[in-house]
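Student:
Chains as they are written, first to last, in this note's numbering: chain A, 1 to 441; chain B, 1001 to 1333.
(1) Buried or exposed, going by whether 16 or more other CB atoms sit within 10 Å of the CB of residue 1333 of chain B?
(2) Report back the beta-carbon spacing between residue 1281 of chain B and residue 1225 of chain B to the nearest angstrom; my notes put them in contact at under 8 Å.
(3) Specify the secondary structure class of residue 430 of chain A as computed by DSSP and reduced to three states.
(4) Using a C-beta to C-beta distance shorter than 7 Å, which residues of chain B count as neighbours of residue 237 of chain A?
(5) Hey, quick one: how far does the beta strand (DSSP E) through residue 208 of chain A stretch, first residue to last?
(6) What did DSSP end up calling residue 1260 of chain B once you bin it into helix, strand or coil?
(7) Which whole-angstrom value is the C-beta distance of residue 1125 of chain B and residue 1083 of chain B, which I expect to be below 8 Å?
(8) Using the Cα positions of residue 150 of chain A and residue 42 of chain A, report the straight-line distance between them to the nearest angstrom.
(9) Can the beta-carbon of residue 392 of chain A be found less than 8 Å from the beta-carbon of residue 1276 of chain B?
(10) Can you list, in chain order, the residues of its chain whose CB lies under 8 Å from that of residue 1174 of chain B, leaving out five sequence neighbours each side?
(11) Taking DSSP as the reference, what is the three-state secondary structure of residue 131 of chain A?
(12) Hey, residue 1020 of chain B and residue 1122 of chain B: beta-carbon distance below 8 Å or not?
(13) Of all the residues that make up the region 1255-1268 of chain B, which are near chain A by a beta-carbon distance shorter than 9 Å?
(14) Hey, how far is the Cα of residue 197 of chain A from the Cα of residue 53 of chain A?
(15) By Cβ distance below 6 Å, which residues in the same chain neighbour residue 234 of chain A in space, the five residues on each side in sequence not counted?
(16) Compute the distance between the beta-carbons of residue 1111 of chain B and residue 1262 of chain B, then report whether it is under 8 Å.
(17) Please report the straight-line C-alpha distance between residue 1148 of chain B and residue 1093 of chain B, rounded to a whole angstrom.
(18) If the cut is a Cβ gap below 8 Å, which residues of chain B does residue 360 of chain A touch?
(19) Classify residue 1010 of chain B: buried if its beta carbon has 16 or more other beta carbons within 10 angstroms, exposed otherwise.
(20) Is there a C-beta anywhere in chain B that falls below 8 Å from the one on residue 313 of chain A?
(21) Note down, in chain order, all residues in the region 1194-1212 of chain B with a beta-carbon under 8 Å from any beta-carbon belonging to chain A.
(22) Looking at the secondary structure, which residues open and close the alpha helix (DSSP H) in which residue 60 of chain A lies?
(23) Is the beta carbon of residue 1308 of chain B closer than 8 Å to that of residue 1118 of chain B?
(24) Which residues in the same chain have their Cβ closer than 7 Å to the Cβ of residue 1054 of chain B, if we skip the five residues on either side of it in sequence?
(25) If we call anything under 8 Å between Cβ atoms a contact, is residue 160 of chain A one with residue 269 of chain A?
(26) Does any residue of chain A have a CB that is nearer than 8 Å to the CB of residue 1074 of chain B?
(27) Listing by chain order, which chain B residues have their CB less than 8 Å from the CB of residue 241 of chain A?
(28) Output the distance between the C-alpha atoms of residue 355 of chain A and residue 1035 of chain B, rounded to the nearest integer angstrom.
(29) For residue 191 of chain A, which three-state DSSP category applies?
(30) Start and end of the beta strand (DSSP E) containing residue 305 of chain A?
(31) For the structure I just gave you, are there three or more beta carbon pairs, one from the region 423-439 of chain A and one from the region 1248-1258 of chain B, closer than 8 Å?
(32) Kindly list, in the order they appear in chain A, the residues whose Cβ is closer than 9 Å to that of residue 1162 of chain B.
(33) Helix or strand or just coil, what does DSSP make of residue 436 of chain A?
(34) Does the Cβ-Cβ distance between residue 1253 of chain B and residue 1159 of chain B come in under 8 Å?
(35) Mind pulling the alpha helix (DSSP H) runs of 4 or more residues that sit fully within the region 328-400 of chain A?
(36) With 16 as the cutoff for other CB atoms within 10 Å, does residue 242 of chain A come out buried or exposed?
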């Protein structure tokens, strides 16, 4: 019997239409736009100047502080501009613009596709390599991986959980990565095991990814200490806390991180990047991106260089039809609509979706009928309807008491609400209001 | 034209209207049974009740509140059907209109409409009629499914009425009287199918269970309220039956007769007037069961479902305050 997390959850349509499409190389655009902030924490410090020639993998900017990350060039060519460029959501952000010339790699990068299995490095060496490769959590959070893998004094990892759930509808980047690079991911898990000094990694995969399950399972038979665990499909199982519950039956204490319960959760994309960084000296400058959606003419999974404009990828999939209502970075449950189609793909962009009005239509809000569906759906055990009521009545202290800060913003409540009340927006606003009030004190 | 919107970007296809429509669909088997057993009278009462509820809501919203009509959410249709299901087939039409007024205008719209009322509107309508017109409200037609046009209307006692009669008469009257009364109690099959006297929609446990199964399948309701309500009743009557060996407490008879099935499946599960969380729903349902038991056995009334649910309705805000889900990561290791 496959297991899943016990509190809440929903079953939206999966729409995984690209799960059979092999990853194709997106090729090189004319220009790439590399943002200095592709992670939580401070933007990286620029190390290069306009006019500099760079190669694929050249360090462009250095991590500014512990919770920050190195940024590398994803192409070879000349830096033509270092300036504010509008990002996907309409904000100006400092980016390095590189005109692409050829495709010359830094000599330190091992371009040989052969799989290397022996791990001759020490724990410190591995963390150093992960740091130098600029790896961040690729599931979307963008938390710098070297920080997450450096276990604080007094805490102990029992188990590494490799997150291959990909519960967002439409997206298949992680699914394809597991199918096509299963062995690298398993070795990546072994590398992280070595860092933590444990022999226990679990690769969690949704039961709807049967091909990935079979392939990864076959490979883990040859590796001691890495196992596959199939989870019953439910959204938002890819959330760290939900995944810990699904795998172990235990919960991460409120306000704490999985490490406090003895678990480290890493996305399969991150683990793959760790393998490439440690074994091939390859910095994180490309990732898998699903371009899909009901308006997308030719949905595909791409291997994309960071900084490639979204429009370049969308053009390769048949362009933007007139009927397209929303273009989304990420999945339809937690992703954001973009307003600038020329904005670049970053280390965190798992998908680009072109959705129709029919798919994204949000009907007018009606009165709450107290059906309780939001309460049943919330995977954190919150009462979204009450959060809405408290917010609208400006009861900020009460909001804190009903644990709105625990909200993981998965969107289950807003998805399920039959009266179309924007409950997720209320939750996000509540957090802002609470923070405002705390600052004011 | 591209839109900018906040997440999520997809929504469940089940909206308020669809939920309400599902309840209407779930009520149809019971309506069919009512019309086949009680004939044209039943059809007239059901149609009148629905029409009256929709009319009152429309008039109230359009002419008193001067707002956009809310009848397209179908909730008035449900109230109308449920009210009719709580009335006898012989109910005079004008009384149905009065009941509908109490249900829609007083119990629902005066509190702010769908989602804001404290008490179940259909039950308020029923209890108002029950107290105002006790004679008409307890005139039960004998089911006759060969007589659609109600050419030969005969009255019959309800099962619970007979049991109550046993209770009050047992000390005074003779044993033969009691035996005769017991003889009048329909058998289980009759009760299950609904070929007995009673309110229109409450007679057939089979039709109500069918509707309930549909609601569960469509995930309109969860199983908790019906299950705990019926289970509480079953356990309490079983205990009494085992200890007293009195036919009055016979558990299956109590499950299958009166408004218990209708109440447990359709009235106590009303979204607005039941608790939000699963824990709260269980407390609520057990409370309903307990009160129904007390009223059926220790009050002057043979039947207690409506009063029990209305009383528990009043406790819903309190239940919601004290029973809610455990927040993830708190309380448990």
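Even for Gly, the Cβ is constructed at its ideal location relative to N, Cα and C.
Tutor: So, from the data block:
(1) Translated into positions along the second chain, residue 1333 of chain B becomes position 333. Residue placement at residue 1333 of chain B cannot be trusted, given a pLDDT of 45 that sits under 50; the coordinates are not used to answer.
(2) The residue labelled residue 1281 of chain B in the question sits at position 281 within the second chain. The residue labelled residue 1225 of chain B in the question sits at position 225 within the second chain. Residue 1281 of chain B to residue 1225 of chain B, Cβ: 5 Å. Contact.
(3) On the first chain, residue 430 of chain A is found 430 positions in, with the first residue counted as 1. Residue state, collapsed to three classes: helix.
(4) Numbered from 1 along the first chain, position 237 holds the residue referred to as residue 237 of chain A. Chain B residues near residue 237 of chain A: none, gap ~13 Å exceeds 7 Å.
(5) Your numbering for residue 208 of chain A matches position 208 in the first chain. Premise fails: residue 208 of chain A is in no beta strand (DSSP E) and is neither H nor E.
(6) Taking the second chain and counting its residues from 1, one reaches residue 1260 of chain B at position 260. DSSP places residue 1260 of chain B within a helical segment (H, G or I) once states are collapsed to three.
(7) Position 125 of the second chain, counting from 1, holds the residue named residue 1125 of chain B. Position 83 of the second chain, counting from 1, holds the residue named residue 1083 of chain B. Sure, about 5 Å apart at Cβ, within 8 Å.
(8) As a first step, residue 150 of chain A is located in the first chain; it is residue number 150 there, counting from the start. As a first step, residue 42 of chain A is located in the first chain; it is residue number 42 there, counting from the start. Whole-angstrom Cα-Cα distance: 19 Å.
(9) Within the first chain, residue 392 of chain A is the residue found at index 392, counting from 1. Within the second chain, residue 1276 of chain B is the residue found at index 276, counting from 1. In this structure, the beta-carbon distance from residue 392 of chain A to residue 1276 of chain B does not fall below 8 Å.
(10) Position 174 of the second chain, counted from the first residue, corresponds to residue 1174 of chain B. Residue placement at residue 1174 of chain B is flagged as unreliable, the pLDDT there being 47, under the threshold of 50; a coordinate-derived value is accordingly withheld.
(11) Indexing the first chain from 1 puts residue 131 of chain A at position 131. Reduced to three states, the DSSP call for residue 131 of chain A is helix.
(12) Here residue 1020 of chain B is taken as the residue at index 20 of the second chain, counted from 1. Here residue 1122 of chain B is taken as the residue at index 122 of the second chain, counted from 1. Not closer than 8 Å, so no.
(13) Residues of the region 1255-1268 of chain B whose Cβ lies closer than 9 Å to any Cβ of chain A: none.
(14) Looking up residue 197 of chain A in the first chain gives position 197. Looking up residue 53 of chain A in the first chain gives position 53. Each residue's alpha carbon lies about 41 Å from the other.
(15) On the first chain, residue 234 of chain A is found 234 positions in, with the first residue counted as 1. 4 and 9.
(16) For the purposes of this step, residue 1111 of chain B is taken as residue 111 along the second chain, with counting starting at 1. For the purposes of this step, residue 1262 of chain B is taken as residue 262 along the second chain, with counting starting at 1. No.
(17) On the second chain, position 148 is the one that residue 1148 of chain B refers to. On the second chain, position 93 is the one that residue 1093 of chain B refers to. Going by the C-alpha atoms only, they are around 18 Å apart.
(18) By 1-based counting over the first chain, the position of residue 360 of chain A is 360. Near residue 360 of chain A (Cβ distances below 8 Å), the residues of chain B are 1003, 1005, 1009 and 1010.
(19) Counting from 1 along the second chain, the entry for residue 1010 of chain B is found at position 10. Burial call: buried.
(20) Here residue 313 of chain A corresponds to residue number 313 of the first chain, with the count starting at 1. False, the Cβ-Cβ gap to chain B never drops below 8 Å.
(21) Cβ contacts with chain A come from no residue of the region 1194-1212 of chain B.
(22) Your numbering for residue 60 of chain A matches position 60 in the first chain. That residue, residue 60 of chain A, is in no alpha helix (DSSP H); its beta strand (DSSP E) goes 59-62.
(23) If you number the second chain from 1, residue 1118 of chain B lands on position 118. If you number the second chain from 1, residue 1308 of chain B lands on position 308. Pairing residue 1118 of chain B with residue 1308 of chain B gives a Cβ-Cβ distance that is not under 8 Å.
(24) Here residue 1054 of chain B corresponds to residue number 54 of the second chain, with the count starting at 1. The residues are 1071, 1076, 1077 and 1080.
(25) Position 160 of the first chain, counted from the first residue, corresponds to residue 160 of chain A. Position 269 of the first chain, counted from the first residue, corresponds to residue 269 of chain A. Not in contact: residue 160 of chain A and residue 269 of chain A (Cβ atoms no closer than 8 Å).
(26) One-based indexing of the second chain puts residue 1074 of chain B at position 74. Closer than 8 Å: no.
(27) Along the first chain, read from residue 1 onward, the residue named residue 241 of chain A stands at position 241. The answer, in chain order, is 1328 and 1329.
(28) Counting from 1 along the first chain, the entry for residue 355 of chain A is found at position 355. Counting from 1 along the second chain, the entry for residue 1035 of chain B is found at position 35. Spanning the two alpha carbons is a distance of roughly 48 Å.
(29) Residue numbering aside, residue 191 of chain A sits at position 191 when the first chain is read from its first letter. Helix at residue 191 of chain A.
(30) Here residue 305 of chain A corresponds to residue number 305 of the first chain, with the count starting at 1. Residues 300-305.
(31) The region 423-439 of chain A vs the region 1248-1258 of chain B: no contact.
(32) As a first step, residue 1162 of chain B must be located in the second chain, where it is residue number 162. Ordered by position in chain A, no residue passes the 9 Å Cβ test against residue 1162 of chain B, which lies about 38 Å from the chain.
(33) Here residue 436 of chain A corresponds to residue number 436 of the first chain, with the count starting at 1. Helix, per DSSP.
(34) For the purposes of this step, residue 1253 of chain B is taken as the residue at position 253 of the second chain. For the purposes of this step, residue 1159 of chain B is taken as the residue at position 159 of the second chain. The answer is yes: Cβ separation under 8 Å.
(35) 357-360, 373-377 and 384-392
(36) In the first chain, the residue the question calls residue 242 of chain A occupies position 242. Buried is the call here.
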